[in-house]
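*Asks:*
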Amino acid sequence: MKPARIALLKGGTSSEREVSLKSGGFVAEALRNAGYDVEEIDVKKPEVTPEMKKADIVFPVLHGGFGENGEIQKALEDAGISHVGCDSRACHTSIDKILSKNLMSGEDIPTAKFAILTRRDKSIPPDLKVPVVVKPPTEGSTVGISIVFNESDLDKAIETAFKYSADEILVEQYIKGTEITVGIVGEQVLPLVEIRFPGKTYDYDAKYTHQQGETRYFCPPDSVPADVQAKCQEYALKFFKALGGRDLMRIDMIIREKDNAIFVLESNNLPGFTESSLLPKAARTAGISFIELCARLAQMAMARKK
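If you read the sequence shown in this note's numbering, its first letter stands for residue 164, the second for the next number, and so on.
Below you can see the structure in the form of structure tokens.
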């Protein structure tokens, strides 16, 4: 019996292209070790190719851009091709911080106080005071994001965010506390990972280049009480289901320093997939090897194959 054929998508055109190429290489190797026939495709457009049509399933390992905003997923769905990960609608909502914030508010999922600014109306409600975080709605790796501690810096931060968004940006209350992330595979909620980074934000340098110093990860975090960890996992699963999530997701949160209150920040529907990335790290703590993790995700998509 021939092994199942997987078209693995990597690369893309976003600012996270190099990370995607690296992630894709790790996943391809793991899937081959699990017995699959894998063809790696460096994707430049959100289009279905003949190679994708020949495959049993498609495994996107794309970060940012059309890989996470639902475009490539919609193309695959329209072609009737089963793929790993969230469907196009869930991807579209997940990557958009404004849509996600509105969803959280409607589902009683705790999140930092926020306001949506437009180019025509850049006024911030009086109850939202500095420090605040100013964000474009759909960029990854903290692109265009500013933490503002002084009112005098607010206008510059707003203009920076608008460089990456045509219509709207998000301003949310800055919460000082412990940054954590919760991974989900299938509907299994993985152990928390605490992220301790040297700078002010968990930005590209903190994730990849470490020019300001090493970022440290703790899984599970001994600094977070067990009941708070359980509540974080509960909120992660609730948000995952509200988004219509499928197969995998990573959900970022912050636990406020003064009282251990939990605030859900955002989600990542195609998280990093090197062996040292956060979701694989949490899976390992849960007893799931990297090969098993990749194979399990492939099996989920195979089960949906028509």
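For each residue, glycine too, the CB sits at the ideal point set by N, CA and C.
Using 10 angstroms around the beta-carbon of P388, count the other beta-carbons present and answer buried if the total reaches 16, otherwise exposed.
*Replies:* Exposed, by the Cβ-count rule.
*Asks:* Assess, as a yes-or-no matter, whether the stretch 184 to 201 is touched by the stretch 164 to 175 under the definition of 3 or more beta carbon pairs within less than 8 Å.
*Replies:* As far as the Cβ criterion goes, the stretch 164 to 175 touches the stretch 184 to 201, which means the pair count is three or higher.
*Asks:* According to DSSP, what are the bridge partners of P223?
*Replies:* Bridge partners of P223: L172.
*Asks:* How would you label R107, buried or exposed, when you count the other beta carbons within 10 angstroms and need 16 or more for buried?
*Replies:* Residue 107 is absent from the model: the chain starts at 164 and stops at 469.
*Asks:* Which of the three DSSP states is assigned to G346 in this structure?
*Replies:* Here G346 sits in strand by DSSP.
*Asks:* What does the Cβ neighbour count give for D290, buried or exposed, with the cut at 16 atoms within 10 Å?
*Replies:* It counts as exposed.
*Asks:* Which residue or residues does DSSP assign as beta-bridge partners of K444?
*Replies:* According to DSSP, K444 bridges with nothing at all.
*Asks:* Looking only at C-alpha atoms, which of K444, D330, V182 sits nearest to D284?
*Replies:* Taking only the C-alpha atoms, the option nearest D284 is D330.
*Asks:* Rounded to a whole number of angstroms, what is the C-alpha to C-alpha distance between M416 and P354?
*Replies:* Going by the C-alpha atoms only, they are around 13 Å apart.
*Asks:* In the structure shown, what three-state DSSP assignment does D284 receive?
*Replies:* The answer is coil: DSSP assigns D284 none of H, G, I, E or B.
*Asks:* Helix, strand or coil for Y398 per DSSP?
*Replies:* If DSSP states are grouped into helix, strand and coil, Y398 belongs with the helices.
*Asks:* What's the C-alpha gap between A253 and G227?
*Replies:* Approximately 14 Å, taken between the alpha carbons.
*Asks:* State buried or exposed for D271, treating a residue as buried only when at least 16 other CB atoms are found within 10 Å of its CB.
*Replies:* Exposed, because fewer than 16 other Cβ atoms sit within 10 Å of the Cβ of D271.
*Asks:* Taking all protein chains shown into account, decide if T281 is buried (16 or more other Cβ within 10 angstroms of its Cβ) or exposed.
*Replies:* Classification of T281: exposed, given that the 10 Å Cβ count is below 16.
*Asks:* DSSP puts N431 in a beta bridge; with which residues?
*Replies:* For N431, which the question treats as bridged, DSSP gives the partners R413.
*Asks:* What's the call for Q351, buried or exposed, on a 16-neighbour Cβ count within 10 Å?
*Replies:* That one is exposed.
*Asks:* Which residue comes first and which comes last in the alpha helix (DSSP H) that contains L460?
*Replies:* Counting along the chain, the alpha helix (DSSP H) containing L460 begins and ends at 453 to 467.
*Asks:* Identify every residue that forms a DSSP beta bridge with F312.
*Replies:* DSSP output for F312 lists no bridge partner at all.
*Asks:* Any idea what DSSP makes of I425, helix, strand or coil?
*Replies:* Reduced to three states, the DSSP call for I425 is strand.
*Asks:* For R419, list the residues DSSP reports as bridge partners.
*Replies:* Per DSSP, G340.
*Asks:* I need the straight-line Cα distance from R379 to R419, nearest angstrom please.
*Replies:* The straight-line gap from Cα to Cα measures roughly 19 Å.
*Asks:* I'd like the span of the beta strand (DSSP E) that includes V190, first residue to last.
*Replies:* Unbroken run through V190 is the alpha helix (DSSP H), 180 to 196; no beta strand (DSSP E).
*Asks:* Got a sec, what are the start and stop residues for the beta strand (DSSP E) K298 sits in?
*Replies:* It spans 295 to 298 - the beta strand (DSSP E) in which K298 sits, taken as one unbroken run.
*Asks:* Could you tell me the alpha carbon to alpha carbon distance between C395 and V345, rounded to whole angstroms?
*Replies:* Taking the straight line from one Cα to the other gives about 8 Å.
*Asks:* Any idea which residues DSSP pairs E335 with across the strands?
*Replies:* For E335, which the question treats as bridged, DSSP gives the partners F277, V296.
*Asks:* For I220 and A464, which I take to be in contact (beta-carbon distance under 8 Å), what is that distance rounded to the nearest angstrom?
*Replies:* The Cβ separation is near 4 Å, so the contact holds.
*Asks:* With distance defined between alpha-carbon atoms, name the residue in P213, V211, P209, V224 nearest to A191.
*Replies:* Nearest C-alpha to A191: V224.
*Asks:* What does DSSP give as the partner residues of Y327 in its beta bridges?
*Replies:* DSSP lists no partner for Y327.
*Asks:* Report the rounded CA-to-CA distance for F325 versus G450, giving the unit in angstroms.
*Replies:* Cα to Cα, the separation comes out at about 43 Å.
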